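**Q** My questions will all concern the structure given below.
Residue numbers (this note's numbering): 1 to 137.
Below, the structure written as structure tokens:
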């Protein structure tokens with residue numbers, strides 16, 4: 001990883017509205033708690049949670065361009081656009097923030113959609129995103 005946790009927080013927080021940052025903080029806390037309870041790596045859970053919505057507020061055309069230009073699976077373009085931020089966010093985490101851990105990248109990539117044979121970290125981040133205390137649905 002090229003950046004410290006604090007640098008990641010600063011970079012991500014600057015890219016989203018305050019309400020989304022509050023959500024991210026809730027996901028961070030919840031993911032770490034779940035990781036500790038169920039035996040996942042809490043440090044990985046924390047980093048994945050910090051970055052899980054890094055591309056959430058990107059314009060749709062910017063995400064589409066990234067999907068096309070970086071040889072991401074073209075079937076992503078057939079999915080609901082609200083889901084694009086997860087695989088795009090994983091790409092950003094790797095290429096802009098220097099995250100090399102595949103488990104962290106996959107947890108970011110699949111936090112909205114899930115996948116077959118999810119890892120424990122995938123499950124922790126996905127669940128934390130939905131159950132963090134600030135969610136109102």
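For every residue, glycine included, the Cβ atom is placed at its ideal position computed from N, Cα and C. In this text the structure is predicted, and so the values were computed from the model without any measurement.
(1) In whole angstroms, what is the alpha-carbon distance linking residue 123 and residue 107?
(2) Under DSSP, the alpha helix (DSSP H) around residue 45 begins and ends at which residues?
(3) Under the assumption that residue 85 contacts residue 56 (Cβ atoms under 8 Å), give the Cβ distance between them as a whole number of angstroms.
(4) Measuring CB to CB, does residue 104 end up less than 7 Å from residue 48?
(5) How is residue 89 classed by DSSP in three states: helix, strand or coil?
(6) Inspect the beta-carbon positions of residue 63 and residue 88 and report whether they are closer than 7 Å.
(7) Relative to the C-alpha of residue 51, which candidate in 79, 40, 59, 9 has its C-alpha closest?
**A** On the basis of the data shown:
(1) As a first step, residue 123 must be located in the chain shown, where it is residue number 123. As a first step, residue 107 must be located in the chain shown, where it is residue number 107. Rounded to whole angstroms, residue 123 to residue 107 spans 8 Å at the Cα level.
(2) For the purposes of this step, residue 45 is taken as residue 45 along the chain shown, with counting starting at 1. Residue 45 -> alpha helix (DSSP H) spans 42 to 51.
(3) Taking the chain shown and counting its residues from 1, one reaches residue 85 at position 85. Taking the chain shown and counting its residues from 1, one reaches residue 56 at position 56. Right, the Cβ-Cβ distance comes to about 5 Å (below 8 Å), so this counts as a contact.
(4) In the chain shown, the residue the question calls residue 104 occupies position 104. In the chain shown, the residue the question calls residue 48 occupies position 48. A contact, by the Cβ cut-off of 7 Å.
(5) Residue numbering aside, residue 89 sits at position 89 when the chain shown is read from its first letter. Of the three classes helix, strand and coil, the one that applies to residue 89 here is helix, per DSSP.
(6) Position 63 of the chain shown holds residue 63. Position 88 of the chain shown holds residue 88. For residue 63 and residue 88, yes; Cβs fall inside 7 Å.
(7) Taking the chain shown and counting its residues from 1, one reaches residue 51 at position 51. Nearest of 79, 40, 59, 9 to residue 51, Cα basis: 9.
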